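Per our numbering, the very first residue in the sequence shown carries number 1; after that it's consecutive.
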Amino acid sequence: MIKRFCKFCIVGGIGTIINLIIFAILTTKGINYLTSAIISFIVAVTSNYTLNQLWVFSDRHKTHSKKLWLKFMFVSIFSLGINILTLFIMERFIMLSLTKYDWIKWIINTTSTIIKTKPTNTTAIYSQCFGIATSMIFNFVGNNCFTFKNSNIQK
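Structure below.
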């Protein structure tokens with residue numbers, strides 16, 4: 001289980017990088033942060049499905065099926081809901097409270113300078129990181145116990 005979780009985290013890390021790069025590009029182009037989160041999710045989840053099926057859960061399902069993909073999408077869409085809710089709460093309430101501290105402002109401004117974007121885009125990127133992290137645990141449990149449930153148990 002720990003080895004599988006580590007593989008899942010590696011796949012999730014790849015998906016996170018894909019998600020954050022697309023999210024950052026879209027938000028810096030002026031696209032709303034919630035819309036950007038949904039678009040970046042769609043791209044990342046496609047990558048995650050393929051890698052999870054081929055590597056993380058390869059011992060459980062040898063072939064692709066529409067049913068398997070639908071289960072994966074169900075878990076992923078629920079995880080997206082958790083991600084969006086966390087992102088919204090972080091952006092609307094928590095980040096506003098945190099930016100009153102000078103050291104937080106310094107981190108945001110420094111990051112903004114490095115990635116060449118506005119501070120509001122930077123807070124959205126940090127909020128998206130929290131959203132992804134929050135939804136990761138549900139995503140693993142859902143895919144381990146539901147999507148890629150051991151096929152030997154089903155018989």
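For each residue, glycine too, the CB sits at the ideal point set by N, CA and C.
Please read all numbers here as calculations on a predicted model, not as lab measurements.
Span of the alpha helix (DSSP H) holding serine 79? 66 to 89 is the extent of the alpha helix (DSSP H) around serine 79.
Here's the rule I'm using: 16 or more other beta-carbon atoms within 10 Å means buried, otherwise exposed. How should leucine 70 be labelled? Exposed, because fewer than 16 other Cβ atoms sit within 10 Å of the Cβ of leucine 70.
My guess is that leucine 68 and valine 11 are in contact by the Cβ rule of under 8 Å, so how many angstroms apart are they, rounded? About 16 Å; that fails the 8 Å criterion.
Does the segment 40 to 58 touch the segment 95 to 105, meaning 3 or more C-beta pairs lie closer than 8 Å? No, the segment 95 to 105 is not in contact with the segment 40 to 58.
Going by C-alpha distance, which of Ile84, Lys7, Thr86 is nearest phenylalanine 57? Lys7
Let me check understanding here. Comparing Cα to Cα, which of Thr110, Leu87, Phe74, Ile108 lies closest to alanine 133? When the alpha-carbon of alanine 133 is set against those of Thr110, Leu87, Phe74, Ile108, the nearest one is in Leu87.
Short of 6 Å in beta carbon distance, which residues of its chain neighbour leucine 20, apart from the five on each side in sequence? Order them along the chain. none
To the nearest angstrom, how far is the alpha carbon of serine 76 from that of tryptophan 103? Cα-Cα distance, rounded: 35 Å.
What are the boundary residues of the alpha helix (DSSP H) that leucine 54 is part of? It is not in any alpha helix (DSSP H) - leucine 54 carries neither H nor E in the DSSP assignment.
If you count every other CB in all the chains shown that lies within 10 Å of the CB of leucine 26, and 16 or more means buried, which is it? buried
Check whether isoleucine 125 and alanine 24 have beta carbons under 8 Å apart: A contact, by the Cβ cut-off of 8 Å.
Starting from lysine 105, follow the alpha helix (DSSP H) in both directions and report where the run begins and ends. 102 to 115
What three-state label does DSSP hand glycine 15 in the structure shown? helix
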